[in-house]
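Here is the structure we will look at.
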Amino acid sequence: RNYRELGLDMKPHIESGDLRVICRYPEATSLEDLLVDLRIDLEEFKPSLIVLDSISSIEHASSERGFRQFMIGVASILRQHGRSALITQTVLAGTSAQHAAPYLSTIADAILALDYKPSAYDLDRTMRVIKSRGSAHAANPYRLDIDGAGIHVTRMSAPDDTQRPSRAADRKVKPS
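Convert by adding 6 to the 1-based position in the sequence shown; the result is the number in our numbering.
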């Protein structure tokens, strides 16, 4: 439903078997069972990519040590099956760069921090590449704008002491 609101209908992909959505509640099962389910699903469906959205619920439902062992187990299973994953984690606004547990950095190939800050009029959404293993990546922030046409990512320039560039000036307009 949420994707459909952005103009992306996932129903055909689900019906064709190209996309499978599985819901697990960490509060209702053990971390070990979640890992077993992941291994079984990888072996049965052989997806090219998995998405864990969000590991925050797993983190909150377990101890710090249990969560660390779970994430190392996830990385190990993915490596054994030669699969990639997109893993999201929700943190307090303004703390994304400081929050990621140190061990997540050692098992992740890339870490993106998405953040937001209310300004006088707008909600400023930003993204930074915290880590991208094996690449020389830009450390500056990118602005994220979400509208009826989708998500727009624009590189932000260093702020000028006198005036911040307007959001409208940064948007790229598609020719019709």
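Cβ atoms here follow ideal geometry from the backbone N, Cα and C, with glycine treated the same way.
It should be emphasised that the depicted structure is a prediction, and the values quoted were computed from it without experimental measurement.
- Here DSSP, grouped into helix, strand and coil, assigns Arg74 to helix.
- Counting only runs of at least 4 residues, the region 33-99 fully encloses the following alpha helix (DSSP H) elements, listed from N- to C-terminal order: 37-51, 61-66 and 70-87.
- In its chain, beyond the 5 residues on either side, Leu48 have a beta carbon closer than 6 Å to the beta carbon of His87.
- Under DSSP, Ala116 takes part in a beta bridge, and its partners are Ser138.
- At the C-beta level, Asp115 and Arg139 come within 7 Å of one another.
- Judged by their CB atoms, Thr160 and Pro147 are not nearer to each other than the 7 Å cut-off.
- For Tyr127, the three-state secondary structure derived from DSSP is coil.
- In the three-state reduction of the DSSP assignment, Ile157 falls in the strand class, which pools E and B.
- By the Cβ-count criterion, Ala164 is exposed, with fewer than 16 other Cβ atoms from all chains shown falling within 10 Å of its own Cβ.
- In the three-state DSSP reduction, Arg10 falls in the helix class (H, G or I).
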